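Step one of this worksheet: look at the structure below.
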Amino acid sequence: MSLIPYIDHEHPVTGVTNAKFGIWLFLASEVMLFGALFSTYIILRTGATVWPHGYEVLNIPMGTLNTAILITSSVTIVLAWAALKMRQLPKFKLYMGLTCLLSLIFLVIKYFEYAAKFHHGYYPATNTYFAIYFVITGLHGLHIIGGIVVNAYLLGPGSKMYATEPERFTGRVECAGLYWHFVDLVWIFVFPILYLL
Amino acid sequence: MSASHGHAASHDEQIKHTLEHWAHEPFWKKYIFSIDHKVIGLQYAICSMVFLLIGFGMMLLMRWQLAYPNQPLPLIGGILGESLFPGGVMSPDTYNQLGAMHGTIMIFLGVVPLSVGGFGNYLLPIQVGAHDMAFPKLNMASFWVFFIGGMIMMFSFLAPGGAAASGWTSYPPLSVTAQNAQSYWLVGMVFLITSSLLGSVNTIVTAIQLRVRGLSFMRWPVLVWAQVITAFLLLLAFPPLEAAGVLQLMDRLAGTSFFMPSGLVVSGEVLQVSGGGNPILWQHLFWFLAHPEVYVLILPAVGIVGEIIATNTRKPLYGYRTLVYSMLFLGFTSFIVWAHHMFMTGMGTTLSSFFQATTMIISIPSVIVLTTYLLTLWGASIRYTVPMLFALAFLPMFAIGGLTGLPLGLTASDIHLHDTYYVIGHFHYVVAPGTLFALMAGVYHWYPKVTGRMFNETLGKIHFWGSIVSINFIFMPMLLMGMMGVSRRLYDQTVYAHGAAGQSYNLVMSWGAWALAIFQIPFIWNLIVSLKKGKVVTEENPWGGTTLEWATPTPPPHTNFLHEVEVFRDPYQYSPNRNLLPQFVKE
Amino acid sequence: MSSHDSPEEIKKAVKLYIGIFVALLFLTLVTVGVSYIHLSVGKAVALALFVASIKASLVALFFMHLKDERKIIYATIGLTGVLFVFLMSISMYL
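Protein chains in written order, with this note's numbering: chain U, -15 to 181; chain X, 10 to 596; chain S, 213 to 306.
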């Protein structure tokens, strides 16, 4: 596979590596995926006779905290990448570890939110508000889990690549970072739409 | 994985080294869980051709019920069991299952995997001068995800209640309330969509990043353009259906009401759901994909036909740039015509006028594509090989398919024709004697390169003539029956007076279908037997092509090329004096 | 960011990332604070989406290095953006 070019250096015309181009294309498809769900939300809400305000039903402090946590994890992952660019592996591990930790805390808070809803008898089947709430946050949560798996891999066994191919490993972390920023981006829209409006 | 450090191996040395390494790989790594795009392409091609045969078989069964309503199916009716065929007669529910799965299998397990997974995977890297796809492991993953999706679809027949039976379009509320394997269908679709998305990323990155020196965009073979545009369609149009599939799954399994309206009464009882949902939402999300999907079905076929016509007219393709811009425009516009499938859902005139207009506009690039191909034929010395016969037949067949789309795109006539056999005739003309013929042309055309053997010319000609005649007997009457007002998806149309009046067409169509089936036997025989008995082909360029796949050894080795290649000119450069000037030959 | 950034440039970028981080936290508080005012539906939606778009742009341009990317990425995003608008237009029809 050494015959495949532009793995660890950029294409002269497009200015990107294969992986970076690939991840942006994948993110494009994710925009369309979440877009369909946002479209569904608008249709269901405008067609409904009653629809609660987010702040009447959901826990704003928890949601705000989760937003802050996710934004922070976005910063830590870009700092992890920057550390690799400066060839500082221990710093990379620190920041990537923080990213994974923050993401897990996000999920824990989400768990408490869901548990509270179930405890009060609110399920996806209850009404269309909860249906779309659980699907959007649930799908977003699945994307978080996927991201944690990838980031944990890069933190752990994947980081062995740094010793032999630092450039390629940095590229991998950058791509993982792009995915993670996108997950953060989706939440930046999900939070006000579901919680505050 | 990447180049060894410290010693600057020349490109040719790296090729040798890779070939040596590959030769020592175990069988399962070379042919089963293979990362070689050619092996993956063949896996897709063989799987999809088996699925095409299965989907075709389902239709052959349905055609018995249509030609001889409520009569027991000889032999086969008994074998398939009492639950599906009580007393040897196909039950209405069996008919619906076969109908829904025929459409699903042909589109998602047959045509798209063959044209994109098969032809795309095998040819695209070679046509851009690459040694493999940009992401070989991802490529392997997309095949196996497709395979799992296919198995889920096939095994859904064994689920309680039988396979999905709400049409390939799966409209709620029927699809949500159906007590059958509709959920398997939805899960299967998620797998198939995921496979498509991964494959699309590979296609786009490979074509743009890995193209060899000298291969600018406007020197891409038309098949590469077609595959890249198709990949963008799949990448951006499929996710809304994936989302919708999850929503429908939630409606079926978690009791949500995304698509279930309030106060729905089923079998005399009010449905116990929260309500507040919208069935039309499903239709919008579904057709947002499914319209670009039909251009996914046609574009690679258009690309294949272009390659074959250029090679067998030995002329530059007329209007290459026009062709490329038309395909780009077609791809983009395909995203804003979808609601022409929904004219009868009660939309207002402003909305239907908009979609009518865009639908009329999108017919223009299709006509341009056909015209450039026809003008290529003008004044050409045509070599009537078997692939060329199929490629030539594609042109009028696609034209009929396209023209019959116009009355459907015009709202006034669509009122009468929507959901009738006219629609079935229209889309089958485009996909069956259209795309499938183009794909068969492609199979014949690249068979010598892929296998190193030549197919049997006579069997090929029998296959062609039998198919082109019988296929028209199947689909032409559908247009007539549709205009008589006969609805689609009917188990027994003779219960209606206008249906009974058209029943004689069904006899013609069914015998045409069974004849078409018989004429596929020489095709299957030819493909398999020629592997051993066909004349050995060792030359790199048996047809006299100009694109990069004709620069590889026959069959291509693991690295595709044995030396670094470069592109020096546009494709399809034939001339009276020089005869043949391939892209990869210096001068 | 090209692969040829010097350590000094990276250090400057790190300072920028921290700055963007602070801005994002601040904007989050603004969004939450505004929601307590209970504006009319139209105004509330417009303001919420406006602030969210600014935050999203900050993440995209700086954390995702979009500011420094070339045409091919912008073309991909641009095409996706247009199609996203078509997709969202579904919500206008029902």
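The beta carbon of each residue, even a glycine, is placed where N, CA and C say it ideally should be.
None of these values were measured; they are calculated from a predicted model.
Problem set entry | N- and C-terminal bounds of the alpha helix (DSSP H) containing X:L62 | 46 to 76
Exercise. Opposite X:V545 in the DSSP bridges: which residues?
Worked result: X:R462
Exercise. Could you check where the alpha helix (DSSP H) with X:N148 kicks off and where it finishes?
Worked result: 145 to 164
Exercise. If the cut is a Cβ gap below 7 angstroms, which residues of chain U does S:K267 touch?
Worked result: I172
Problem set entry | Residues sharing a beta bridge with X:S496, DSSP | X:T429
Exercise. CA-CA distance, X:K544 and U:V134?
Worked result: 51 angstroms
For this session: Can you give me the Cβ contacts of X:K611 inside the same chain, cut-off strictly under 8 angstroms, excluding the 5 residues immediately before and after it?
Result: The displayed coordinates of chain X run from 10 to 596. Any statement about residue 611 of chain X would go beyond what the structure contains.
For this session: Could you check what DSSP says for X:V346 in three-state terms: helix, strand or coil?
Result: coil
Problem set entry | Alpha-carbon to alpha-carbon, X:G340 and X:V378 | 13 angstroms
For this session: Determine the burial state of X:V120: buried for a count of at least 16 other Cβ atoms within 10 Å of its Cβ, exposed for fewer.
Result: buried
Exercise. Run through DSSP, which three-state label would U:V41 get?
Worked result: helix
Problem set entry | Where X:V274 sits in the DSSP three-state scheme | strand
For this session: Evaluate X:P442 with the Cβ neighbour count: other Cβ atoms within 10 Å of its Cβ, from every protein chain shown; 16 or more gives buried, anything less gives exposed.
Result: buried
Problem set entry | Alpha carbon of X:P230 to alpha carbon of X:L536, nearest angstrom | 26 angstroms
Problem set entry | Nearest to U:V15 (by Cα), restricted to the options S:M304, S:S303, S:L295, S:S301 | S:L295
Problem set entry | C-beta neighbour in chain A for U:K77, strict 7 angstroms | Here chain A cannot be found, since the structure's protein chains are U, X and S.
Exercise. Is the CB of U:A67 under 7 angstroms away from at least one CB in chain X?
Worked result: no
Problem set entry | Span of the alpha helix (DSSP H), counted from its first residue to its last, around X:S209 | 191 to 218
Problem set entry | Spatial distance of X:S372 from X:Q365 (CA atoms) | 11 angstroms
Problem set entry | Contacting residues, own chain, Cβ-Cβ under 7 angstroms from X:V495 (five flanking each side not counted) | T429, Y430, Q502, H507, G508, G511
For this session: For X:T413, I'd like the list of residues in its chain whose CB is within less than 8 angstroms of its CB, leaving aside the five on either flank, ordered along the chain.
Result: Y431, G434, H435, Y438, L488
Exercise. Terminal residues of the continuous alpha helix (DSSP H) containing X:P374?
Worked result: 358 to 386
Exercise. List, in order along the chain, the chain S residues whose C-beta lies closer than 9 angstroms to that of X:F226?
Worked result: Those do not exist, as X:F226 stays about 12 angstroms from chain S at its closest Cβ, beyond 9 angstroms.
For this session: Specify the secondary structure class of X:V120 as computed by DSSP and reduced to three states.
Result: helix
Problem set entry | Reference X:F156; option with closest CA among X:S175, X:L123, X:Q188 | X:L123
Problem set entry | Nearest to X:M336 (by Cα), restricted to the options X:P248, X:P145, X:N130, X:V233 | X:V233
Exercise. Helix, strand or coil: which one does DSSP assign to X:V98?
Worked result: coil
Exercise. Is the distance from the Cβ of X:Q191 to the Cβ of X:A168 below 7 angstroms?
Worked result: no
For this session: Could you pull out every residue in the same chain whose Cβ sits closer than 8 angstroms to the Cβ of X:M68, ignoring the five residues on either side in sequence?
Result: L107, H111, A522
For this session: Excluding the 5 residues preceding and the 5 following X:M490 in the sequence, name in chain order all residues of the same chain whose CB lies nearer than 6 angstroms to its CB.
Result: Y430, G511, Y514
Exercise. Can at least three beta-carbon pairs, one atom from the region 176 to 190 of chain X and one from the region 250 to 266 of chain X, be found at a separation below 8 angstroms?
Worked result: yes
Exercise. Taking the alpha-carbon positions, what's the X:E575 to X:R220 distance?
Worked result: 10 angstroms
Exercise. Who are the near neighbours of S:K279 in its chain, counting only those whose CB is closer than 8 angstroms to its CB and skipping five residues on each side?
Worked result: L273
For this session: Taking X:W347 as the reference, give the member of X:G418, X:S584, X:T331 with the closest Cα.
Result: X:G418
Exercise. Under a three-way DSSP split, which group does X:V305 fall into?
Worked result: helix
For this session: Determine the chain S residues that contact U:W35 at a beta-carbon separation under 7 angstroms, and present them in chain order.
Result: The contacting residues do not exist; U:W35 stays about 10 angstroms from chain S at best.
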